[in-house]
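Right, one structure below, let's go through it.
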């Protein structure tokens, strides 16, 4: 139980945390900041929290738990503004999808009596804003913790407890491992989805053919992923550029191989690859990261 | 109402058609052929049809409506085997996802008193086999007709009626248009999904990192598409290789551009692209090809 939790940035993830904190009575007081006046208005209309503020310093003032839920590119400005207002022995966490650069720079910026423990809950969807958050979003989802030098051990335990209370499974990783794993499981898939939709748009405008109407055979699913928040993903791509560039190169190498097989009608080589990727699907279902029910376009 | 419908190949699509024909009483007699004994056994266990046969000629004998639901690569063998058994004035259709080569070669092979009308219902999912078919699969889905010289006008009307009875929306296209549109809305997305999963597997085996466990952030959705039937997709890729090769080249060109923007931290160029792809999503929802509900991993 905290005395005061403050949430900075109240989009889909921030507002989902807010809903859980309120429902599970995890804090006596809750303060919410968002830079956008329309988001602040929505939070009020949705009656999600006690205090909605437009001043960063007064939001965090007196908080023992501060949760950063804004795009990675906004961290620097926010930390500069709040670092002197952070309470002694308070805990600062974030929910960002990328850790390189971010963890170190906040580590340097904050006072040593504040515990900085970077977090990454693996959830979220293609729609953003507080109206698209929901209760129990984090239930049975992974939450990755990437502690820094400024993470006190007892506080890591508190942060773990916090996420467990929200229903998450916890995994502690180092920054490098985190950014390498998520560059392939999340960052490259998003980039590829954006790129596929872009390629389809080019073709549509060149041929004046109606591809939207017939998108049910695959493109539709990619368009969902490619509708994710553009600020968030711009920041992630640029922050994790080293891992991402490597993945792009490997992806293109494999794609060119596939193209060669197709062009030369190498059916058995092609079938071999398609067979192997099927096994991955089975493993993912076994790891309970998806269900086996077929998706006939919902 | 037909006297006898025969279905050749009874996987997910074939068995779904079968379910609808039976339920809607579209034919007096139904005969089903499948080359696989385990599939034939499943159809019997599922009690889907009257007669399950392992002889192609006797399956089509006396049929006024023959539906080809097997992989594209099997067409030649099947047509050679049945062409002399096809009844005068009968109608032959298929449900294949690719038309180049296929439509012409059947057109040449069959007698002129048989109407050959190639069809492509836009549905299907990542699981195959008769146990994964379902009633009303074609309801509110597009069915594309690509008629040939050997399609009698009155029979095109009959085929349209057949699909309308199954609930489909009909669109008539020429072969070239069909294969160009579906090379981008369906064939490239599937190839990309297979290729992404392959690239992820390479990384996993190199780094011994557990990517399966953390696949919820995007990779999971691609793995679903990449679990589709490998024979069917091998055939589609090779049959539509010209369009596909062009799409692959455009895709790689765009991806390299994205990579350059990321490497050089060109945030605004990147955000521009991500913004535009979002509009496509809105159009797809407007065209009722998907719903706007967020997918939090189901």
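Residue numbers (our numbering), protein chains in the order written: chain P, 9 to 306; chain Y, 9 to 306.
Yeah, the Cβ is synthetic: ideal placement off N, Cα and C, and Gly gets one too.
Here the structure is a predicted model, which is why all the values come from computation and not from measurement.
query: Local conformation of residue 134(Y) per DSSP, three classes; result: coil
query: Contacting positions in the region 14 to 31 of chain Y - beta carbon closer than 7 Å to chain P; result: none
query: Exposure label - residue 215(P); buried when at least 16 CB within 10 Å; result: exposed
query: Alpha helix (DSSP H) segment containing residue 139(P), residue limits; result: From DSSP, residue 139(P) is part of no alpha helix (DSSP H); its letter is neither H nor E.
query: Inter-residue Cα distance where the pair is residue 11(Y) and residue 73(Y); result: 8 Å
query: Residue environment, residue 308(P), which counts as buried when at least 16 other CB atoms sit within 10 Å; result: The question about residue 308(P) has no answer, for chain P in this structure spans 9 to 306.
query: Residues near residue 153(P) in its chain [Cβ-Cβ closer than 6 Å; skip 5 each side]; result: 127 and 180
query: Contact check, residue 135(Y) vs residue 234(Y), beta carbons under 9 Å; result: no
query: Under 9 Å between C-beta atoms of residue 90(Y) and residue 16(Y); result: yes
query: Contact set for residue 14(P): own chain, Cβ-Cβ below 8 Å, skip 5 residues either direction; result: 38, 39, 40, 41, 67, 68, 71, 73, 74 and 75
query: Proximal chain A residues relative to residue 245(Y), where beta-carbon distance stays under 7 Å; result: Among the chains of the structure shown, chain A does not appear; the protein chains present are P and Y.
query: Where residue 35(P) sits in the DSSP three-state scheme; result: strand
query: Buried/exposed call for residue 172(Y), threshold 16 Cβ in 10 Å; result: exposed
query: Per-residue DSSP class, three states only, for residue 11(Y); result: strand
query: Contact the region 175 to 191 of chain P vs the region 139 to 149 of chain P: 3+ CB pairs below 8 Å; result: yes
query: Alpha helix (DSSP H) runs contained entirely in the region 67 to 131 of chain Y, provided each spans 4 or more residues; result: 83 to 90 and 110 to 117
query: Host beta strand (DSSP E) of residue 178(Y) (start-end); result: 177 to 180
query: Per-residue contacts from residue 107(P) into chain Y (C-beta, under 8 Å); result: Under the 8 Å cutoff, chain Y gives no residues; its nearest Cβ is about 14 Å from residue 107(P).
query: The alpha helix (DSSP H) enclosing residue 207(P), as first and last residue numbers; result: 196 to 215
query: Within chain Y, partners of residue 260(P) - CB distance below 8 Å; result: 260, 263 and 264
query: Start-to-end residues for the beta strand (DSSP E) that takes in residue 59(Y); result: 59 to 61
query: Residue 166(P) to residue 27(P) span [Cα, whole Å]; result: 19 Å
query: Counterpart residues of residue 41(P) in DSSP-defined beta bridges; result: 16(P) and 61(P)
query: Sequence-distant residues of the same chain with beta carbon closer than 7 Å to residue 194(P), five excluded per side; result: 105
query: Cα-Cα separation between residue 33(Y) and residue 57(Y), rounded to whole angstroms; result: 12 Å
query: Neighbour list for residue 83(Y) in chain P, Cβ cutoff strictly below 7 Å; result: Residues of chain P passing the Cβ test: none, with the nearest at roughly 15 Å.
query: Residue 174(Y) (DSSP reduced to helix, strand or coil); result: coil
query: The region 196 to 211 of chain P: positions lying closer than 9 Å to chain Y by Cβ; result: 196, 197, 198, 199, 200, 201, 202, 203, 204, 205, 206, 207, 208, 209, 210 and 211
query: Interfacial residues, the region 145 to 159 of chain Y to chain P, with Cβ spacing under 8 Å; result: 145, 149, 150 and 152
query: Cβ of residue 56(Y) within 9 Å of any chain P Cβ; result: no
query: Contact check, residue 251(Y) vs residue 203(P), beta carbons under 9 Å; result: no
query: Of the listed residues 266(P), 158(P) and 231(P), nearest to residue 113(P) (C-alpha basis); result: 158(P)
query: Rounded straight-line distance, which links the Cα of residue 208(P) to that of residue 101(Y); result: 29 Å
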